[in-house]
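Following the working numbering, the numbering of the sequence shown begins with 10 at its first residue and continues without gaps. Before any comments, here is the structure.
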Amino acid sequence: MTKYIIKRILQSVFILFVMSIIAFALINAAPGDPAAAIYGGQMDKLTQAERERINTNLGLDRPLATRYYNWLSEMLGGRMGYSYENGKSVNQIITERMPNTLLLFAVSFFLTVIISMVVGLWAGRHPYSALDRGITITSIVINGIPSVLVAIILIFLFSVKLGWLPSSGTSSIFATGAADRIKHLVISVLTVVLSHVSSFSRFIQEGLKEELSSYYVTVARANHVSNRDIYMGVMKNSLVPFINYAGSHVPSFFSGFVVVETVFAYPGLGSMIVGAIPIKDYPVLMGGILITGIVVISSMLAVDLIDLALNPKLRRAVER
Numbered sequence: 010m011t012k013y014i015i016k017r018i019l020q021s022v023f024i025l026f027v028m029s030i031i032a033f034a035l036i037n038a039a040p041g042d043p044a045a046a047i048y049g050g051q052m053d054k055l056t057q058a059e060r061e062r063i064n065t066n067l068g069l070d071r072p073l074a075t076r077y078y079n080w081l082s083e084m085l086g087g088r089m090g091y092s093y094e095n096g097k098s099v100n101q102i103i104t105e106r107m108p109n110t111l112l113l114f115a116v117s118f119f120l121t122v123i124i125s126m127v128v129g130l131w132a133g134r135h136p137y138s139a140l141d142r143g144i145t146i147t148s149i150v151i152n153g154i155p156s157v158l159v160a161i162i163l164i165f166l167f168s169v170k171l172g173w174l175p176s177s178g179t180s181s182i183f184a185t186g187a188a189d190r191i192k193h194l195v196i197s198v199l200t201v202v203l204s205h206v207s208s209f210s211r212f213i214q215e216g217l218k219e220e221l222s223s224y225y226v227t228v229a230r231a232n233h234v235s236n237r238d239i240y241m242g243v244m245k246n247s248l249v250p251f252i253n254y255a256g257s258h259v260p261s262f263f264s265g266f267v268v269v270e271t272v273f274a275y276p277g278l279g280s281m282i283v284g285a286i287p288i289k290d291y292p293v294l295m296g297g298i299l300i301t302g303i304v305v306i307s308s309m310l311a312v313d314l315i316d317l318a319l320n321p322k323l324r325r326a327v328e329r
């Protein structure tokens, strides 16, 4: 067991290392000039010599491998560098924005799991009901709608048409407190939940149907085991694969935040990364990608360990 856990941790570290190499190479290979992050609209007035001097000062004239080694050394020391755009520490920028993204993830993921469990388990117990068919149809429809379109529809409905909720940011200028923060979070969370809850519900629904039609359920009913005991056992067996399914969608949530945070002007890691791309703010880009990668890979590792704790078959296979 201990060897397996150590092996998974080492695999996660290796994946993160490879991811950082690929991200660093792709970012540096993309067209653009980092001088734009520093001088903005004044960049066209710079001479070629001035641009070369800027690249030298930023270390961009060095070989790619050398620059990656220098970045990795700084990162391992807990220093992610400074933004080309405003000179702020990347550590400080991420510290300011990361809680917003983690809050959005925690609330969205929790609500998606809870709602899908309630709806999916009920629909699975009542096959061919209106809810059962509704989940299937809704899953097909929503999976074909881009999350950006869902966001725009919700903004139009709740912000423009009804005027109930703000459409951007995390707080109002002259308002403070949890109530205002929640109001700003509602549409963003709703967008993420609507994009995932139908597919999550359908997974539980189909898993429960499969378990109910299995041989051990037939034997249990033949032996006059109560329906309550049968359903409790079936739900437990169907929820174990759901944990893996939900965990495997953590990257999907974070990739969706790039769109959601941009549309709602939500100050999180996703909008930070999007804002840094056009101006090639390398330190901010790498810092955002690295932290997001750490959160996602750590979440996947946690799901594996939870699955190991709940799945006796997997534990026996690991202990061999």
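Don't be surprised by glycine CBs; every beta carbon is placed ideally from N, CA and C. Quantities reported herein were computed from a predicted structural model and do not represent experimental measurements.
Count the other CB atoms within 10 Å of the CB of residue i; is the residue buried (16 or more) or exposed (fewer)?
i                : result
glutamine 214    : buried
serine 367       : Summary: the structure shown does not reach residue 367, with the chain confined to residues 10 through 329, and so no result is reported for it.
histidine 233    : exposed
lysine 289       : buried
threonine 121    : buried
valine 243       : buried
asparagine 109   : buried
valine 293       : buried
phenylalanine 33 : buried
isoleucine 146   : exposed
glycine 216      : buried
serine 204       : buried
glycine 90       : buried
proline 287      : exposed
serine 156       : buried
arginine 106     : buried
DSSP on residue i, reduced to helix/strand/coil?
i                 : result
serine 235        : coil
serine 210        : helix
serine 264        : helix
tyrosine 77       : helix
tryptophan 131    : helix
glycine 297       : helix
leucine 171       : coil
glycine 143       : helix
tyrosine 254      : helix
serine 138        : coil
tyrosine 240      : helix
phenylalanine 273 : coil
aspartate 316     : helix
proline 321       : helix
isoleucine 196    : helix
serine 223        : coil
proline 292       : helix
serine 117        : helix
serine 308        : helix
serine 247        : helix
serine 176        : coil
What are the boundary residues of the alpha helix (DSSP H) that includes residue i?
i           : result
serine 21   : 11-38
alanine 285 : 278-285
serine 156  : 156-163
Nearest to residue i by CA position, among the options, is which residue?
i                : options                        : result
glycine 172      : Leu158, Arg190, Ile196         : Ile196
valine 259       : Glu83, Val116, Arg88, Val243   : Val116
threonine 301    : Ala285, Phe263, Ser21, Leu314  : Phe263
isoleucine 149   : Met241, Ser207, Ile282         : Ser207
asparagine 100   : Asp313, Ser307, Val305, Met295 : Met295
threonine 132    : Phe23, Arg88, Leu35, Arg211    : The question names threonine, but residue 132 in the sequence shown is alanine. Comparing Cα positions, the closest option is Arg211.
lysine 218       : Leu194, Ser247, Val304, Gly143 : Ser247
threonine 200    : Ile154, Ala188, Thr227, Ser222 : Ile154
alanine 255      : Leu278, Tyr240, Thr147, Met309 : Met309
phenylalanine 23 : Tyr275, Asp316, Val312, Ser307 : Ser307
threonine 75     : Leu163, Tyr240, Asn37, Glu94   : Asn37
tyrosine 330     : Pro250, Val226, Arg60          : Outside the displayed span of the chain (10 to 329) sits residue 330, for which this structure offers no information.
proline 321      : Val269, Gly265, Lys245, Ser222 : Lys245
arginine 17      : Ala318, Arg325, Ala311         : Ala311
Tell me, please, whether the CB atom of residue i is closer than 8 Å to any CB atom in chain D?
i           : result
alanine 132 : In the displayed structure, chain D is absent; only one protein chain is listed.
Segments of 4+ residues assigned as alpha helix (DSSP H) that fall wholly inside the stretch 56-111: If only complete runs of 4 or more residues are kept, the stretch 56-111 shows the alpha helix (DSSP H) at 57-66, 73-85, in order along the chain.
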